[in-house]
Amino acid sequence: MLSKIVNVWYSSEITADIHGEKSAWAVVSILGVLKFGAGFVLLDPSLPEPRLRSIIYQVGSRVLLSSHVDSPSHAQRRAPGHATSFTALSQPSSKIMYAVFTSGSSGTPKGVLVTHVNFCSAVDHQLVLLGFTRESRVLDFASYAFDAAVHNVIATLVARGCLCIPFEETCKNDLTKIISVMQPTMANLTPTVARLVDPEALKSLKTLILLGEPVTARDAERWRPHNVHFINTYGPAERTPISTINSLSASAEEAMRIGKGVGLVTWIVDPEDQSVLLPPGCTGELLLEGPLKILNGFWKVQLVNPGVVVDFTHIELEEVEHHILKCMPSRAAQVAAEVIVLGAETDPKPVLTAFFIQERTTATQTDQEVPCTPVKYPTVATIKKKLAHHLPGYMVPAVFLSVLELPFTATGKTDRRRLHETGRTVLLTERGCWTRLSSSLAKGVP
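Going by my numbering, the first residue of the sequence shown is number 4, and it counts up by one from there.
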């Protein structure tokens, strides 16, 4: 592997694209690229082709390591290689280790560059607290589209543990069976995925790390009787996968907290003045201070609204809105996407919902109710089919609602709080509207 990389690379100052399904060869590719002294980007083959092309274009790599050869012309361009010895290149800690791509408000995925000092500092501080040891058998479940997959691979290898890599098709069908067969002692999952697993059937699991979404009390209660070390973590994609850790919780309620910064310092500040610290109990903006190669050592992260479930995949609503607008007729002047949370507080069910108006109207700034009806034109099926060519499935709204006007705040911004309340009211209380909407979603009827 490394000999082939050396033959086609002129410099280690570039990044390699690694494209393929989950396998041991993907891990070998990561190690080969890092040993050469370059950085890497993991590409999930299940993502739409335009999204993959956008990522590859932004990275500007000369080298693509892929498990897929789609045509004879590509096969002829395979890099030659022969067995050779190679000494790993010494590299500065400020060098790029990998890039991960999140949503972009312009419709283009935006890349986040993580350096060796960023990632290695996090692993050095967090490995023991998370429970990674030489005896760990870590389930590698996360998609290569997300930074949690990088954490799984590198953290396990640093701890000299065993990485359990399931076949991707098997992952989609029966996660409980995978865990029972592979016998992992540790799993890194989102709360939503963890709810699909039966704790009774997983005798081997000793540590469960949850990240990407808020944890509920019910999540902790399900695992507490089974002697599983329950860890709640939080981390924005703009930094390393994990920034805060809550590994010691005396009750299910305490397990809902994201914990303390590990390898960094956390601050809660006034959103209007970042030099003003807020007292306990106040809602503000979260600042993370640590070994990050950015101005003043800070990376600003908007504090998560406790009433909204933020998906593990880091959906940026502006990107969803951008692509919906491209799919709509010209008279569809405005679109707003919002995550509507249904269900009880202990078991929230987030639903990505799109609101749109077909003709531009004057923005409403009063507290009056926002008129809202099921979408009739164009059909939901048509919109979703077009969106599927540009967005991964989790970024395609499940519900489409037509409104006469979008609510705006006094400052001219979309009033997402009122949109959330309106959508929730429609989906929970307007049974007639919900019935017609469900029929439209199922049949694609205008």
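Ideal Cβ positions, reconstructed from N, Cα and C, are used throughout, including at glycine.
- Taking the C-beta atoms as reference points, Phe358 is found nearer than 8 Å to Glu341.
- Straight-line spacing of the CA atoms in Thr179 and Lys209 works out to 15 Å.
- Leaving aside the five residues that flank Lys387 on each side, the residues in its chain whose CB is nearer than 7 Å to its CB run, in chain order, Val399.
- Here the C-alpha atom of Ser97 lies approximately 11 Å from the C-alpha atom of Phe122.
- Per DSSP, Tyr60 is not a residue of any beta strand (DSSP E); the alpha helix (DSSP H) it occupies stretches across Glu52 to Val62.
- In the structure shown, Cys165 falls within a strand segment according to DSSP collapsed to helix, strand and coil.
- A residue is called buried once 16 or more other Cβ atoms fall within 10 Å of its Cβ, and His392, having fewer, is exposed.
- Around the C-beta of Phe170, fewer than 16 other C-beta atoms lie within 10 Å, and the residue is accordingly described as exposed.
- Taking 8 Å as the cut-off, the Cβ atoms of Ile58 and Val44 count as close.
- As the crow flies, the alpha-carbon of His232 is around 18 Å from that of Glu216.
- In the DSSP assignment, Gly266 falls outside any alpha helix (DSSP H) and carries neither an H nor an E.
- Note on geometry: alpha-carbon atoms of Thr425 and Leu355 lie some 14 Å from one another.
- Collapsing the DSSP output to three states places Pro410 in a strand.
- In the DSSP assignment, Lys387 falls within the unbroken alpha helix (DSSP H) covering Val383 to Leu390.
- The three-state secondary structure of Asn191, taken from DSSP, is strand.
- Relative to Ala204, the option among Leu192, Val406, Leu213 and Trp226 whose CA is nearest is Trp226.
- When only Cα atoms are considered, Leu160 and Gly63 end up about 28 Å apart.
- A distance of 8 Å or more separates the beta carbons of Thr243 and Val265.
- Assignment of Gly114 by DSSP, reduced to helix, strand and coil, places it in the strand class.
- Taking Pro187 as reference, the option from Tyr397, Glu292, Glu224 and Val141 with the minimal CA-CA separation is Val141.
- The C-alpha of Glu52 is placed about 13 Å away from the C-alpha of Pro112.
- Within a 10 Å sphere around the beta-carbon of Thr105 sit 16 or more other beta-carbons, which makes this residue buried.
- Nearest to Val323 by C-alpha distance, out of Pro282, Val117 and Val402, is Val402.
- If you compare the alpha carbons of Glu241, Lys263, His229 and Pro228 with that of Asn235, the shortest gap goes to Lys263.
- Counted as a single uninterrupted DSSP element, the alpha helix (DSSP H) harbouring Val184 occupies residues Leu178 to Met185.
- Gly287 and Pro274 have their C-alpha atoms spaced approximately 6 Å apart.
- Residue range Ala27 to Phe39 is occupied by the alpha helix (DSSP H) that includes Gly35.
- Val153 has its alpha-carbon roughly 21 Å from the corresponding atom of Tyr60.
- Ala151 places its beta carbon 8 Å or farther from that of Leu130.
- In terms of CA proximity to Ser26, Leu46 leads the group Leu46, Leu345 and Ala19.
- The beta carbon of Ala223 sits closer than 6 Å to the beta carbons of Phe233, Ala255 and Ala258 from its chain, once the five residues preceding and following it are set aside; these are given in chain order.
- For Ser146, the closest C-alpha among the options Leu267, Val406 and Pro395 is that of Pro395.
- Separation of the CB atoms of Val126 and Val117 is rounded to 12 Å, and the pair is thereby denied contact status at 8 Å.
- In the three-state DSSP reduction, Thr417 falls in the strand class (E or B).
- Residue pairing for Lys352: DSSP places it in a beta bridge opposite Leu345.
- For the options Phe144, Ser207, Ile181 and Leu422, the alpha carbon positioned closest to that of Leu192 is the one of Phe144.
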